[in-house]
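Encoded as structure tokens, the structure appears first; notes follow it.
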Amino acid sequence: QNQFDALVSHTYNTGGSSTLFSLVNQKQTDAVIRTWFETKYVTGGGVKLKGLVRRRKAEADLYFTK
Numbered sequence: 738q739n740q741f742d743a744l745v746s747h748t749y750n751t752g753g754s755s756t757l758f759s760l761v762n763q764k765q766t767d768a769v770i771r772t773w774f775e776t777k778y779v780t781g782g783g784v785k786l787k788g789l790v791r792r793r794k795a796e797a798d799l800y801f802t803k
């Protein structure tokens, strides 16, 4: 359920990413998926924004909560 919730949150906030869904469907390692979560969709106007970094980290943390 947590993985689903994290992906729904990410999709709602970013419009979704076929790359992220591909990584999940290919069963990539946790490290690869976490790195993707925490490094993409964290900028606004070309500037890294703390709020977006926090949101992406929270989504990643939720995704990996057992």
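To convert a position in the sequence shown, counted from 1, into our numbering, add 737. All C-beta atoms in this analysis are idealised placements derived from N, C-alpha and C, irrespective of residue type, glycine included. Predicted, not measured: the structure shown is a model, and the values here were computed from it.
Within its chain, find whatever has a CB closer than 8 Å to the CB of residue i; leave out the 5 residues flanking it on each side and keep chain order.
i	result
residue 773	756, 757 and 760
Going by DSSP in three states, residue i sits in which element: helix, strand or coil?
i	result
residue 802	coil
residue 779	coil
residue 764	coil
According to the neighbour-count rule (16 or more other Cβ atoms, all chains shown, within 10 Å of its Cβ), is residue i buried or exposed?
i	result
residue 800	buried
residue 744	buried
So, for residue i: in the same chain, excluding its five sequence neighbours on each side, which residues have a beta-carbon less than 6 Å away from its beta-carbon?
i	result
residue 740	800
Below 8 Å on the Cβ atoms is my contact criterion, and I expect residue i with residue j to pass it. Report the Cβ-Cβ distance as a whole number of Å.
i	j	result
residue 792	residue 750	7 Å
residue 797	residue 771	5 Å
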